[in-house]
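Engineer: Top line first, the protein sequences correspond to chains A and B.
Residue numbers for the first sequence follow the numbering used here, beginning at 1 and rising by one.
Residue numbers for the second sequence follow the numbering used here, beginning at 166 and rising by one.
Mind looking over this structure? Questions follow.
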Amino acid sequence: MEITLTVNGEKVTADVEPRTLLVHFIRDELRLTGTHVGCETSYCGACTIHLNGEAIKSCTTLAVQADGAEITTIEGLADGETLHPVQEGFWERHGLQCGFCTPGMIMQAAKIIEENPDPSEDEIRHGIDGNLCRCTGYHNIVKAIEYAAAKARGEEPEPAEWETV
Amino acid sequence: MVETKSVLGGAIRRREDPALIAGQGLYTDDVAPTGTLHVAFVRSPFAKAKILSIDTAEAAGMAGVKAIYTADDVRHLGLLPTQVAVRARPLLADGQVAHSGEAVAMVVATDRYLAQDAAEAVFVDYEAQEPVIDLKAAAAGDIKAHDDMDSNVIIAWTAGPFGDEDGIAKTRETIQAAKDRDDTVTVSIEMVNQRLVPTAMEPRSVVADYSPGYNRFHVHSTTQIPHALAGAIAKTFDLDNSQVNVTALEVGGGFGAKLNVYPDEILVAFASKALGKPVKFTESRREAAVNTIHGRGWVATATMTGTRDGQILGYELDGLADMGAYTQNFTAAIPFLGLFVGSGQYTMPTYFNVACVLTNTVVTDAYRGAGRPEAEYYLERIVDAFSREIGVDPAEVRKKNYFDKFEDAVSPIGFAMDTGDYGANLDALLEFVDYEGMKARRDAARAEGRLVGLGLSSYVEVCGFGPSGLSDLGFNWGAYNVDSAFNGSGLVRVGGDGKATVHIGTGPSGQGHQTTWAQIVSAETGIPVDNIRVISGETDDTPVGIGSFGSRSAAVDGAAAHEAAGRVKAKAAKIAAHLLEAAEEDIRFEDGVAHVAGSPDQSVTWAEIAKTAYHPHLLPEGMEGGLEAHAVFSPGNATWPFGSHICMVEVDPDTGNVDVLEYLTMDDCGNVINPMIADGQLHGGIVQGAGQALFEDAIYDEQGTLLTTSFMDYLIPTATSMPSFQMERTTTPTHVNPLGVKGIGEAGTIGSAQTVVNAVVDALADLGVKHVDMPVRPRRVWEAIQAAKEA
Ligand code: FES
Ligand code: FES
């Protein structure tokens, strides 16, 4: 089936098998490999992207369902050379270790602070409850999102828990 | 948190991160050479069965299918290489299946969907047999995991002190005598340390590409041990190791699950050679649960005897460890690692006996902590139970029985330990957390009728393996054709531009090695961190090294990089002295330049030194060109990090739900290279240990089907499972390596499960509950409450 969609601001037309998962289309056809597959069953969130302005799990969406949609993947989140505040927060606050969950986590977090510019720790934790990370214990992911929210509000983030040099 | 000064420069942001946060990090499944073929496996639904026939005819004719292989095609490659080959496994089940999920046939097709379609069309005729799944039943031995075995028990690790039969007998007599005294108290609890699925977020993936013209393999794999994989493939195909290049790109978490050479890694190499195309296999999550190793799986009884004032006079641990159906890399050696720390931080006579038992289940092997979380769990749970029984504060009982501050001590089990200061560490925790205040808060909550509990525990672990002399005891990598013991190896090269590369045989999976090794080399040479690039996970371009596991990389390979950097600096000093017409001893390295002590203006840059090094005619008479050094480092001993954790939990009496309210720590891993990264390792480690305590459980039914193969059934912690941490550290450097570092990758996991369970039992103690097995999920806790109420 032929589908046409906008991915990271560029129009894409492709012929896909009806059973192709959106995440496989993004990774295998478009070669945007920042979107990861951690479970294929919509539990882990590694495949989270933005589709028509919503954070969704692309492993349980068919490529054909994205016909006509606007998609942003992790590769399209930064504004040129300028990192998205969430990306910056993850770097500044050690919000990642192996980085495998990170693209999905960042895409989810970007939506959280867009919808709620000043989230509490509890709201952040609930907001990323559908994104699993096995490395960080979430502690620094929470700090990274707090950092990003402060930045996006134009405020100075809380200092890091360690002295930076 | 209070700042800990690092000898090596402190927290710097990770250089790994810019690619990863932009979605531009490359993982194995992202590798897709043109023409790549894809693999799907046919897996047994039975835990134990004879394979009567395999009919591949229909599948072979399906769209896109290039080949289907069974044991007949790969038998000549031999069994899977492993270090402790008590029961090595075939690459594909050969006439007999020994666990459900075992691969029986391998389909190769032009795309992953078509490969899966065809795998479903392979017809296997099985004759199901009764499997042995339960650990105790397997040890009793009526049914064998393999029909040709006399016993499912393959080895027992017994100690006290280690290895000496007379010593063991004497220890047991001493403990018995203590038990027989009128003034002693003995507590004994059988506890389960359940089977776990390691669950790195990145499923395992491997891509093999064989070049017939050069008779070489290039294999991408998500592995913690690239050199072992290269060696195993070379050995299997009768090649030299240099004919196999293994690349481990970004590895999306390991935790021990990628510390194995797997049959699928050998099989894709075989298929690539046979078909002349790149071949890829990537696990699905469900498949990972039955294809990649499991961890833990012990049942043991811990018994502690001591006086009413808290002097411990004896400790015994007697139990069984589940090996699964075969022995892979370290399988049967995992309980041995537990034995190392069997007596923990304490001085009491200790008897340790854990038997390794085969069952018809997925193979177990190293999962974060590997043996040490098990040993510390039993020990710290029983110390807690003993303290409760005699009515003495558990902190007091611990301190009374700790080793005093030491350099070089021998544990009651007989192992040499490097450095420790356990009492000071626990005191620091108690002060940091305001222990009396915490107890008061708990008691106040209890007075309101809430089930609030406080859990304390401490640990010592052993890591940073290690001394190359262990090679003589069989601790080497010869089984994988890797000519190395557990020692480290690092090469530092300064190029003509004065920038350095560090070539190192580690296999990181998120620990920030790129940043950390650069810090180590920068600290030694004064070359700015940004001018140092780290190359690892590429066997063609790194000296032989045995990878990253067992919290060993900094203490062993990092130390090797430090030594190599020191040698490069020594040569650079000679060149600088020559260029500056100064004495070598007067040369100082700082901020990327070498200058004469006392006259900073008299200086040359690393670039100028390096340029000279690569133009030998400019060098001092007789000096060789080049500016690099390779160091092989063998530490004097393994390292023994330690620490103390405390947490507060609340149990909901109506549902049995456990809520962890606070978690605070005081760990000691010796010197710290990058506190940001070290803290991150602790966060993740603690949550994995807490995950075992609270949720995780690999459950088999009686037929041997694994019931927990998705994130719906196998629950790993989410962001709402644990609170944020409050962490501090004490610093007791080791003397077994020049950096004074011990290791931090597993400490959090080793210290945390018992902390949580101690707190849960504390919350329920007034009801009469003495123990709740992990995972302390709501139903189990609720049932324990009901049972206690009825009793
Ligand atoms: S891969 Fe989509 S949620 Fe896990
Ligand atoms: S950083 Fe490794 S899974 Fe989150």
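Idealized CB from N, CA, C, for every residue including glycine.
1) What ranges does the alpha helix (DSSP H) occupy inside the segment 275 to 307 of chain B, keeping only unbroken runs of at least 4 residues that lie completely in it?
2) Give me the residue from B:V852, B:A924 and B:V941 with the minimum Cα distance to D862 of chain B.
3) Report the neighbours of V142 of chain A on chain B: residues whose CB is nearer than 8 Å to its CB, in chain order.
4) Throw me the rounded Cβ distance for the F876 of chain B and C44 of chain A pair, which I believe falls under 8 Å.
5) What number of angstroms, rounded off, separates the C-alpha of I354 of chain B from the C-alpha of D637 of chain B?
6) Using alpha carbons as the reference points, say which of B:F206, B:N641, B:H810 and B:D662 lies closest to T235 of chain B.
7) Could you tell me how far apart the beta carbons of A212 of chain B and I298 of chain B are, in whole angstroms, since I believe they sit closer than 8 Å?
8) Using the beta-carbon of each residue, find all residues closer than 6 Å to any heavy atom of ligand 1 and list them in chain order.
9) Is there at least one Cβ from chain A nearer than 8 Å to T364 of chain B's Cβ?
10) Closest by CA to K143 of chain A, which one among A:G154, A:W162 and A:G130?
11) Cutting at 7 Å between CB atoms, please list the residues of its own chain near G421 of chain B, excluding the five before and the five after it.
12) Who are the Cβ neighbours of D282 of chain B in its own chain at under 7 Å, not counting the five residues just before and after it?
13) Using 8 Å as the threshold, is the segment 661 to 678 of chain B in touch with the segment 800 to 816 of chain B, meaning 3 or more CB pairs across them?
14) Assuming G89 of chain A and G95 of chain A make a contact with CB atoms under 8 Å, what is their CB distance in whole Å?
15) Tell me, to the nearest whole angstrom, how far the beta carbon of V837 of chain B is from that of L929 of chain B; I am working on the premise that it is less than 8 Å.
16) With 16 as the cutoff for other CB atoms within 10 Å, does T681 of chain B come out buried or exposed?
17) Does the separation of the CB atoms of A395 of chain B and V411 of chain B fall below 8 Å?
18) Within this structure, are the beta carbons of S370 of chain B and F446 of chain B separated by less than 8 Å?
19) Using a Cβ-Cβ cut-off of 8 Å, state whether T61 of chain A counts as contacting chain B.
20) Consider the Cβ of L185 of chain B: report whether some Cβ of chain A lies at a distance smaller than 8 Å.
21) I need the straight-line Cα distance from A720 of chain B to G629 of chain B, nearest angstrom please.
22) Between F382 of chain B and ligand 2, is the CB less than 7 Å from at least one heavy atom?
23) Measuring from the CB of F100 of chain A, is there a heavy atom of ligand 2 at a distance below 7 Å?
24) Provide the residue span of the beta strand (DSSP E) that contains T584 of chain B, from first to last.
25) Closer than 8 Å, CB to CB, is F90 of chain A near chain B or not?
26) For the beta strand (DSSP E) that contains K11 of chain A, what are its first and last residues?
27) Please state the DSSP three-state secondary structure of V167 of chain B.
28) Helix, strand or coil: how does DSSP classify L202 of chain B here?
29) Looking at chain A, which residues of the segment 431 to 453 of chain B have a Cβ within less than 7 Å of any of its Cβ atoms?
30) Quick one: is the Cβ of L96 of chain A within less than 7 Å of any heavy atom of ligand 2?
31) So the beta strand (DSSP E) Q189 of chain B belongs to, where does it begin and stop?
32) G127 of chain A lies in the alpha helix (DSSP H); which residues open and close that run?
33) Which of helix, strand or coil does DSSP assign to K445 of chain B?
34) To the nearest angstrom, report how far apart R178 of chain B and A393 of chain B are at their CA atoms.
35) On the DSSP letters alone, give me the boundaries of the beta strand (DSSP E) that I233 of chain B sits inside.
36) Buried or exposed: where does T221 of chain B fall if 16 or more other Cβ atoms within 10 Å of its Cβ makes it buried?
Structural biologist: Straight from the coordinates:
1) 277 to 285 and 300 to 305
2) B:V941
3) A884 and S889
4) 6 Å
5) 38 Å
6) B:F206
7) Contact annotation, A212 of chain B with I298 of chain B: C-beta distance approximately 7 Å; criterion of less than 8 Å satisfied.
8) A:V37, A:G38, A:C39, A:E40, A:S42, A:Y43, A:C44, A:G45, A:A46, A:C47, A:K57 and A:C59
9) Chain A, which has a Cβ nearer than 8 Å to the Cβ of T364 of chain B, makes this yes.
10) Taking only the C-alpha atoms, the option nearest K143 of chain A is A:W162.
11) P363, G460, D530, A531, Y532, R533, A535 and F714
12) M227
13) no
14) 6 Å
15) Rounded, the Cβ-Cβ distance is 37 Å, inconsistent with contact.
16) buried
17) yes
18) yes
19) no
20) yes
21) Here the alpha carbon of A720 of chain B sits roughly 5 Å from the alpha carbon of G629 of chain B.
22) no
23) yes
24) Counting along the chain, T584 of chain B sits inside the beta strand (DSSP E) bounded by residues A581 to G585.
25) yes
26) E10 to D15
27) Note that V167 of chain B scores 32 on pLDDT, short of 50, meaning its location in the model is unreliable and no value can be drawn from it.
28) strand
29) Within the segment 431 to 453 of chain B, the residues whose Cβ lies closer than 7 Å to any Cβ of chain A are, in chain order, S449 and R450.
30) Inclusion of L96 of chain A in the 7 Å shell around ligand 2 follows from its C-beta lying nearer than that to a non-hydrogen atom of the ligand.
31) No beta strand (DSSP E) holds Q189 of chain B; DSSP gives it neither H nor E.
32) Bounds of the alpha helix (DSSP H) holding G127 of chain A are E121 to G127.
33) strand
34) 31 Å
35) V230 to Y234
36) With 16 or more other Cβ atoms within 10 Å, it is buried.
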